[in-house]
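Chains as they are written, first to last, in the numbering used here: chain A, 1450 to 1555; chain B, 1450 to 1555.
We treat Cβ as the ideally placed atom computed from N, Cα and C, and that holds for glycine.
Nothing here was measured: the structure is a model prediction, and the numbers come from that model.
Beneath this line is the structure, given in structure tokens, with notes to follow.
2 protein chains.
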Amino acid sequence: MREARDSAAIFAALGDETRLRLVARLSGAGALSITSLTTGTRMTRQAITKHLHMMQSAGLVRGTRHGRACLWQLDQRRIREARQYLDAISKQWDDALGRLRKFVEE
Amino acid sequence: MREARDSAAIFAALGDETRLRLVARLSGAGALSITSLTTGTRMTRQAITKHLHMMQSAGLVRGTRHGRACLWQLDQRRIREARQYLDAISKQWDDALGRLRKFVEE
DNA sequence: ACTTTGGGCAACCGAATGGTTGCGTGTGAG
DNA sequence: CTCACACGCAACCATTCGGTTGCCCAAAGT
Chain A
1450 MREARDSAAI FAALGDETRL RLVARLSGAG ALSITSLTTG TRMTRQAITK HLHMMQSAGL
1510 VRGTRHGRAC LWQLDQRRIR EARQYLDAIS KQWDDALGRL RKFVEE
Chain B
1450 MREARDSAAI FAALGDETRL RLVARLSGAG ALSITSLTTG TRMTRQAITK HLHMMQSAGL
1510 VRGTRHGRAC LWQLDQRRIR EARQYLDAIS KQWDDALGRL RKFVEE
């Protein structure tokens, strides 16, 4: 199984309501600037910036300067990694249930 | 899409190395007591207890008293919910890419 | 009956989190 | 050129988090 530390970082990055909303928004819009991401959040631009940097250090998102704006977009690979981790957990769980059933039957 | 708050709680519960290890262990073993979960962690039993309670309040895990031991096991539904959330994000992302491509082509 | 063993509760602690404000800076629009 | 706009940086704050210690309780083992 994948290293627990890295996966934990991804999940931690997703484990905040504000950040999850940002991810949802980015997943539908492609790339957005910080100020446009700030509108509708009743939070400061700095708060959003912090969240974005946090997600970037987790590899969930990346931002590129474009003129005087800074456009941020998802990096979908990490999302896939997280999905795979959950898949592995589910599979292991199912296997364990299967073994248990087999054990009970014998 | 599902309420962001609940999903964030699930991801937050998964977003810690210790807890993720507990989940991995529980997914393979079925049901374990607190002390048996503590062995091999170089942490106090109380720390593990706190993590378990935290995960329980997120719906990830549930514990039932059994004699003087307390057995904890995964609740796989929340893991599925988390997977579905990530699936939705991925799908939305793919759709957005598709629209972008279409837009560029026209 | 006495002692181990598995666990709960509460207080305490340092460090990280989530958020704000204030100020400085480069870029682009008018 | 000038000014507004989008952003970065740093300090600061309250709260939460991850973890420990100490004490106590009840269930089992001997």
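- With 16 or more other Cβ atoms from the protein chains shown falling within 10 Å of its own Cβ, B:A1462 counts as buried.
- It is roughly 22 Å from the alpha-carbon of A:L1546 to the alpha-carbon of B:Q1533.
- Any Cβ of chain B closer than 8 Å to the Cβ of A:Q1505 would place that residue at the interface, and such an atom is absent.
- For B:L1520, the uninterrupted beta strand (DSSP E) run begins and ends at A1518 to L1523, by DSSP.
- Of the candidates A:E1452, A:G1477, A:T1467 and A:G1508, A:G1477 places its Cα closest to the Cα of B:D1543.
- Comparing alpha-carbon positions, the option among B:T1484, B:R1474 and B:M1504 lying closest to B:A1457 turns out to be B:M1504.
- Closest in C-alpha terms to B:I1528, from the list A:A1507, A:S1485 and A:Q1541, comes A:Q1541.
- Taking a contact to require three or more Cβ pairs closer than 8 Å, the region 1512-1527 of chain A and the region 1472-1488 of chain A qualify as touching.
- For the pair A:V1510 and A:L1486, the CB atoms are not nearer than the 8 Å cut-off.
- Under the DSSP assignment, A:R1470 falls in the alpha helix (DSSP H) whose first and last residues are E1466 to A1478.
- Taking a contact as a CB-CB distance under 8 Å, the pair B:R1494 and B:T1484 counts as one, their CB atoms being some 6 Å apart.
- Annotation for B:R1494: the continuous alpha helix (DSSP H) segment containing it runs R1494 to S1506.
- Note on B:H1515: under 16 other CB atoms within 10 angstroms of its CB, so exposed under the neighbour-count rule.
- Scanning chain B for C-beta atoms nearer than 7 Å to the C-beta of A:G1477 yields Q1541 and A1545, reported in chain order.
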